[in-house]
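One structure below.
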Amino acid sequence: MFLVTGATGNVGSEVVRHLLQLGAPVRAFSRSGRARTDAAQSVAGDLNDPASVASALDGVRGVFLLPGYQQLPETLARCAQAGVERVVLLSSSSIPGGERSNAVTRYMLESEEAVEASGLPWTFLRPCAFAANALQWKEQLAAGDVIRAPFANVRQATLDPYDIGEVAALALTSPGHEGKAYALSGPESLLPEERVATLGEVLGRKLTFVGQSNDEAHAEMSAQLPAAYVDAFFRFYVDGTLDESPVLPTVEQLTGRAPRTFRTWATEHAAAFK
-7 MFLVTGATGN VGSEVVRHLL QLGAPVRAFS RSGRARTDAA QSVAGDLNDP ASVASALDGV
53 RGVFLLPGYQ QLPETLARCA QAGVERVVLL SSSSIPGGER SNAVTRYMLE SEEAVEASGL
113 PWTFLRPCAF AANALQWKEQ LAAGDVIRAP FANVRQATLD PYDIGEVAAL ALTSPGHEGK
173 AYALSGPESL LPEERVATLG EVLGRKLTFV GQSNDEAHAE MSAQLPAAYV DAFFRFYVDG
233 TLDESPVLPT VEQLTGRAPR TFRTWATEHA AAFK
């Protein structure tokens, strides 16, 4: 049995999908307690409540774990007590060379450190930006054909969560991945304007991209996020402390196929924008 936390999210749902395709039994853990498929056992719980995780660990060999939860050390201790044999942690591309003073990098580093300190065999997944981040444009698309977005000059080799899910499933179910940190990217490095154009082609709409000024972007993000996280993203993408443009070979090396393109992701999720 494998426990997938965040099982209804963009990544967790893909981990569930790939584990099921491998014929593995899956327990889908989420706040709602509702998996996206009836093929997985659904369990309600909260990663901020280690006892709720512990109650879902009966017979579990491996756990897919999300980062950033304050009670993570206790949760991991519960996993060890329950006989869990391996943990796959979703981490971040900002870890290598990252600064602990950056709020995003810090909570990712602390999550990795907690997993290492637990003594459980581990694998870290360090993906770059998700193709699924385009879902944040849904409201603008509902209002018209203009997409305004920050960091217009920043290229990213955006990654389909489908590929993260397949790598996670492999790391959970096959040997040879213990103690490894996998940097993951998609197959092409695109500007926001190029992703918007591709999405428009998929949707059959002529979309216009407008890059926000840094001041405009900062004000909008500050209305939605704590100041420390706004500062973190500006350090990544304005100061240039994080480069997510390189196309990496890891997904193909591990899965035997090229990672999926942004167009493929957009085509599969087109209904979400309508």
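Numbering (the working numbering), first residue to last: -7 to 266. We put the beta carbon where it would ideally sit given N, CA and C, even for glycine.
Looking only at its own chain, which residues have a Cβ that is under 8 Å from the Cβ of residue i, when we skip the five neighbours before and after it?
i: valine 239; result: Ala149, Ser177, Gly178, Pro179, Glu180, Ser181
i: proline 88; result: Arg118, Ala175
i: alanine 224; result: Asn94, Ala95, Val96, Thr97
i: lysine 130; result: Ala264, Phe265
Over what stretch of residues does the beta strand (DSSP E) that includes residue i continue unbroken?
i: isoleucine 87; result: Taken as a continuous stretch (DSSP letters only), isoleucine 87 belongs to no beta strand (DSSP E), as it is neither H nor E.
i: alanine 20; result: 18 to 22
i: methionine 58; result: Looking at the sequence itself, residue 58 is leucine, so the reference to methionine does not match. No beta strand (DSSP E) holds leucine 58; DSSP gives it neither H nor E.
Buried or exposed for residue i, please, with buried defined as at least 16 other CB atoms from any protein chain shown within 10 angstroms of its CB.
i: alanine 264; result: exposed
i: glycine 54; result: buried
i: threonine 29; result: exposed
i: serine 24; result: exposed
i: glycine 51; result: exposed
i: arginine 249; result: exposed
i: arginine 26; result: exposed
i: alanine 211; result: exposed
i: aspartate 155; result: buried
i: proline 218; result: exposed
i: glutamate 104; result: buried
Go to residue i, then tell me how far its alpha helix (DSSP H) extends in each direction, as first and last residue.
i: phenylalanine 143; result: Careful: phenylalanine 143 lies outside any alpha helix (DSSP H) and carries neither H nor E.
i: valine 7; result: 4 to 13
i: glutamine 132; result: 130 to 135
i: serine 214; result: 206 to 214
Please report how far the alpha carbon of residue i lies from the alpha carbon of residue j, in whole angstroms.
i: phenylalanine 254; j: glutamine 204; result: 22 Å
i: serine 93; j: alanine 121; result: 20 Å
i: alanine 183; j: glycine 75; result: For the sequence presented, residue 183 should be read as leucine rather than alanine. Using only the alpha carbons, I get a separation of about 45 Å.
i: serine 44; j: glutamine 216; result: 29 Å
i: serine 166; j: phenylalanine -6; result: 13 Å
i: alanine 134; j: valine 188; result: 14 Å
i: alanine 32; j: valine 3; result: 15 Å
i: aspartate 355; j: alanine 124; result: Residue numbering for the chain in the displayed model covers -7 to 266; residue 355 lies beyond these limits and cannot be assessed.
i: aspartate 152; j: threonine 115; result: 19 Å
i: threonine 67; j: proline 17; result: 21 Å
i: glutamine 73; j: arginine 252; result: 38 Å
i: alanine 160; j: glycine 196; result: 33 Å
i: alanine 36; j: threonine 256; result: 32 Å
i: threonine 112; j: leucine 199; result: Here residue 112 turns out to be leucine, not threonine, going by the sequence shown. Rounded to whole angstroms, leucine 112 to leucine 199 spans 48 Å at the Cα level.
i: threonine 65; j: threonine 0; result: Inspection of the sequence shows that residue 65 is occupied by proline rather than by threonine. One C-alpha to the other measures close to 23 Å.
If you drop the 5 nearest sequence neighbours on each side, which residues of the same chain put their C-beta closer than 6 Å to that of residue i?
i: serine 214; result: Val222
i: phenylalanine 228; result: Leu234
i: valine 146; result: Tyr229
i: proline 42; result: Gln63, Glu66, Thr67, Arg70
i: alanine 20; result: Val(-4), Ala(-1), Val8, Ala27, Ala32, Ser34
Under the DSSP definition of a beta bridge, which residues are partnered with residue i?
i: arginine 70; result: Partner(s): none; arginine 70 has no beta bridge.
i: leucine 82; result: Leu117
i: tyrosine 174; result: Leu117
i: valine 202; result: Arg140
Which same chain residues, not among the five before or five after residue i, have their C-beta less than 7 Å away from its C-beta?
i: glycine 90; result: Thr97, Leu101
i: leucine 58; result: Thr(-3), Gly(-2), Leu39, Leu82
i: glycine 157; result: Val3, Glu6, Val7, Arg9, His10
i: serine 237; result: Arg147, Gln148, Ala149, Ser181
i: alanine 173; result: Phe116, Arg118
Does the beta-carbon of residue i, which I'm using as the reference point, lie nearer than 8 Å to any heavy atom of the ligand ADP?
i: proline 241; result: In the structure on display, the ligand ADP does not appear, and there are no ligands present to speak of.
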